[in-house]
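In my numbering, the protein residues as written are 233 to 492.
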């Protein structure tokens, strides 16, 4: 019995070593992934999700890991870039959550709704509109098979940055700068209807104030812009989330090309 178990020992060691090397990158990515890496998710749950993704992708990556080393310390130094690479690719997807937060903040500031439930709707203080958009966007992405897309995304990162190698500066510049710029552009684009409505509201309010100086237009206009902002959110939220999900899916399915 002991002899048979000893024959399985090298196989178990190889499997554990491959899983550990893959875990370095996967756990770093999982700490920043949308939905799975949120601060509201307990650390133990995130650790369990990281281990689950490791078991999914390790069989495809095990042949590239190499044999179990005899001296562990130099090998750990060699695989340190895996953590940095995981953080980078996890941050690329985290920027899409930032895009929804930016859109919600701009929309709330434009419609005088920035202080409604601000700071109590989530872990990070943000307007209620931003929190609604983030929760709705993550729920929509989860319904569209987020876990399957993440597994494919993890495997593609190993194609862009091979195991145990540092990321090239050109990759960081091309992907990082492109995604950061597009994030702010996407956030502003999603909030564009609220900016247009705010501009029309303020111009109209100015005209009324010039025509009737004795009228307290702020008491009349404040309820109107608040109700209009909530109504506009109800009408535009499906379109905003569909545009966001389309951009998010493009990056998840093709991280090297970003999205257009």
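Ideal Cβ placement from N, Cα and C applies to all residues, glycine included.
Delimiting residues of the alpha helix (DSSP H) encompassing residue i
i: residue 443; result: 424-443
i: residue 335; result: 313-342
i: residue 362; result: 360-375
i: residue 289; result: 275-293
i: residue 384; result: 378-392
Beta-carbon proximity list for residue i, same chain, < 8 angstroms, skipping 5 on both sides
i: residue 296; result: 390, 394 and 395
i: residue 471; result: none
i: residue 289; result: 254, 258, 383, 386 and 387
i: residue 412; result: 327
i: residue 319; result: 260, 261, 263 and 264
i: residue 283; result: 255
i: residue 399; result: 313, 316, 317, 320 and 393
Cβ distance (whole Å) where residue i is taken to contact residue j below 8 angstroms
i: residue 317; j: residue 457; result: Their Cβ separation, rounded to whole angstroms, is 46 angstroms, which puts residue 317 and residue 457 out of contact at 8 angstroms.
i: residue 335; j: residue 365; result: 6 angstroms
i: residue 426; j: residue 369; result: About 16 angstroms separates the two Cβ atoms, so there is no contact after all.
i: residue 381; j: residue 484; result: 5 angstroms
Chain-order list of residues whose beta-carbon lies under 7 angstroms from that of residue i (same chain, five-residue window excluded)
i: residue 286; result: 251, 254, 255 and 258
i: residue 245; result: 300
i: residue 464; result: 425, 426 and 429
Other residues of its chain near residue i: CB distance less than 6 angstroms, five sequence neighbours each side excluded
i: residue 362; result: 333, 336 and 337
i: residue 294; result: 250
i: residue 264; result: 322, 323 and 326
i: residue 298; result: none
i: residue 440; result: 449
| message | With three or more beta-carbon pairs closer than 8 angstroms as the criterion, would you say the stretch 271-283 touches the stretch 323-335? | response | With the rule of 3 Cβ pairs closer than 8 angstroms, the stretch 271-283 does not count as touching the stretch 323-335.
| task | Decide if the stretch 436-447 is in contact with the stretch 460-470; the criterion is three or more beta carbon pairs, one per stretch, under 8 angstroms apart. | result | Under the 8 angstroms Cβ criterion, the stretch 436-447 does not count as touching the stretch 460-470, having fewer than three qualifying pairs.
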